DNA sequence: GAAACGTGGTT
DNA sequence: TAACCAAGTTT
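Residue numbers (our numbering): 42 to 401.
Here it is as structure tokens:
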């Protein structure tokens with residue numbers, strides 16, 4: 042087992058004074074843990090500041106509209122985090138009188154809170170001795186013991202759980218968890234770990250055998266799949282305003298709760314024939330003959346998908362009011378900044394110099 | 001329990 | 001450039 046005294050003493054003199062480490066407010070600690078899921082500190086930091094300024098308390102968050110919450114989250118990714126956060130806030134108000142539950146067992150019942158986050162909040166905010174096992178901790182422990190179990194495997198998680206639990210005997214559980222995560226982030230890094238500065242180098246199996254690059258054993262991941270999107274960017278000059286047609290993304294696919302445009306998806310690289318014969322055009326804009334040669338192409342890379350996107354822009358004299366139905370939304374371009382968009386759409390707006398104020 | 005879910009920095 | 005991966009959770 043790593044020497045906890047050396048680890049904690051290193052942490053106390055080297056930790057980064059991150060904003061969520063300057064508070065004991067469980068709400069703020071909870072928010073930071075959700076934002077930091079699969080997200081680097083530098084990426085999440087500005088979102089954290091804006092989010093807690095807009096929603097300073099669990100009451101404020103629970104009272105907000107889902108659209109408001111999504112607006113704050115746009116551009117950060119993994120948008121189910123925002124929906125679940127909102128839902129959990131409402132549960133806390135309704136079932137816990139607005140007080141954040143203090144035990145891991147209660148926390149894990151809330152939307153968006155899994156084993157890691159429940160133990161992180163319970164240990165940091167309420168001193169519950171519960172190991173918060175994230176990617177950093179698994180890397181540190183896998184190297185320390187030269188564990189052959191694959192990252193994220195049941196076996197490695199169990200080893201981490203047992204080890205960290207033992208380390209918490211005589212120390213603040215929140216400090217032990219944070220120290221191990223900080224060690225993984227700053228010293229026991231994925232590549233080129235700084236073993237000469239490591240407080241638990243004594244006893245580290247991978248340091249002793251020079252096998253730092255072997256552990257943790259990585260999981261194999263699937264190749265991204267190609268998808269082909271053809272967007273219709275339909276604008277019009279109506280009497281009082283310039284309008285644009287949007288579509289809200291629904292469940293069962295990427296970017297749920299955010300907005301994009303009317304869309305055709307093809308199974309291969311689209312052809313003019315594919316595009317022309319789609320019924321989308323006849324429902325939205327009869328007599329329009331779209332041509333891919335005039336489209337703006339953007340490639341967008343996600344973890345599991347490579348998006349190939351063509352944007353066909355068309356201005357109509359007048360968009361019928363009937364289009365503004367449950368499926369499609371007609372809004373003045375001036376109000377674009379009230380709607381949350383994924384990065385792909387923000388990139389398109391930026392390129393076309395359409396003011397979206399969708400900037401983060 | 002494998003696969004899906006975003007984005008951006010690093011290698 | 002493509003691959004990796006970062007304070008995970010949900011289905």
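Quick reminder that beta carbons are idealized off the backbone N, C-alpha and C, glycines included.
Predicted, not measured: the structure shown is a model, and the values here were computed from it.
query = How big is the Cα-Cα spacing for residue 265 and residue 313?
reply = 26 Å
message = So, does the segment 96-105 touch the segment 45-57, judging by three or more C-beta pairs under 8 Å?
response = no
request  = Express the C-alpha separation of residue 197 and residue 400 in angstroms, rounding to a whole number.
outcome  = Confidence in residue 400 is poor, its pLDDT being 37 and thus under 50, which makes the residue's placement too unreliable to answer from.
Proximity to residue 216 [Cα-Cα], best of 381, 395, 52 = 52
query = Are residue 352 and residue 336 touching if we call contact CB-CB under 8 Å?
reply = yes
ask   = Run through DSSP, which three-state label would residue 131 get?
value = If DSSP states are grouped into helix, strand and coil, residue 131 belongs with the helices.
query = Smallest Cα separation from residue 275: which of 322, 232, 97?
reply = 322
message = I'd like the list of long-range same chain contacts for residue 402, defined as Cβ closer than 6 Å, with 5 residues on each side in sequence excluded.
response = Any answer about residue 402 is impossible in this case: the structure gives the chain only from 42 up to 401.
ask   = Would DSSP call residue 91 helix, strand or coil?
value = helix
inquiry  = Using 8 Å for Cβ pairs, my map puts residue 162 next to residue 70. What's the rounded Cβ distance?
reply    = In this structure residue 162 touches residue 70 by the C-beta definition: roughly 6 Å separates them, less than 8 Å.
message = Between the alpha carbons of residue 189 and residue 139, how many angstroms are there, rounded?
response = 44 Å
ask   = CB residue 81 to CB residue 113, shorter than 8 Å?
value = no
ask   = Whose C-beta lies closer than 6 Å to the C-beta of residue 342 among residues of the same chain, with five residues either side of it excluded?
value = none
ask   = Along the chain, which unbroken stretches of the beta strand (DSSP E) at least 3 residues long are found entirely within the segment 319-399?
value = 337-342, 346-357, 369-373
ask   = On the premise that residue 205 lies in contact with residue 174, defined as a C-beta separation below 8 Å, what is that separation, rounded to the nearest angstrom?
value = 7 Å
request  = Pair every Cβ in the segment 110-126 with every Cβ in the segment 370-385, then say whether three or more of these pairs are closer than 8 Å.
outcome  = yes
ask   = What's the gap between the Cα of residue 454 and the Cα of residue 318?
value = Lying outside 42 to 401, the shown extent of the chain, residue 454 is not represented and no answer is given.
query = Helix, strand or coil: which one does DSSP assign to residue 48?
reply = helix
task = Classify residue 338 as buried or exposed, calling it buried when 16 or more other Cβ atoms lie within 10 Å of its own Cβ.
result = exposed
inquiry  = Using CA atoms only, rank isn't needed, just tell me which of 357, 347, 304 is closest to residue 326.
reply    = With distances taken between Cα atoms, residue 326 lies closest to 357.
message = Here's the rule: buried if 16 or more other CB atoms are within 10 angstroms of the residue's CB, otherwise exposed. What is residue 158?
response = Label assigned to residue 158: buried.
ask   = Could you give the distance in angstroms between the alpha-carbon of residue 235 and the alpha-carbon of residue 65?
value = 31 Å
task = Quick one: give me the first and last residue of the alpha helix (DSSP H) that residue 249 is part of.
result = 246-250
Residue range of the unbroken beta strand (DSSP E) whose run includes residue 317 = That residue, residue 317, is in no beta strand (DSSP E); its alpha helix (DSSP H) goes 313-317.
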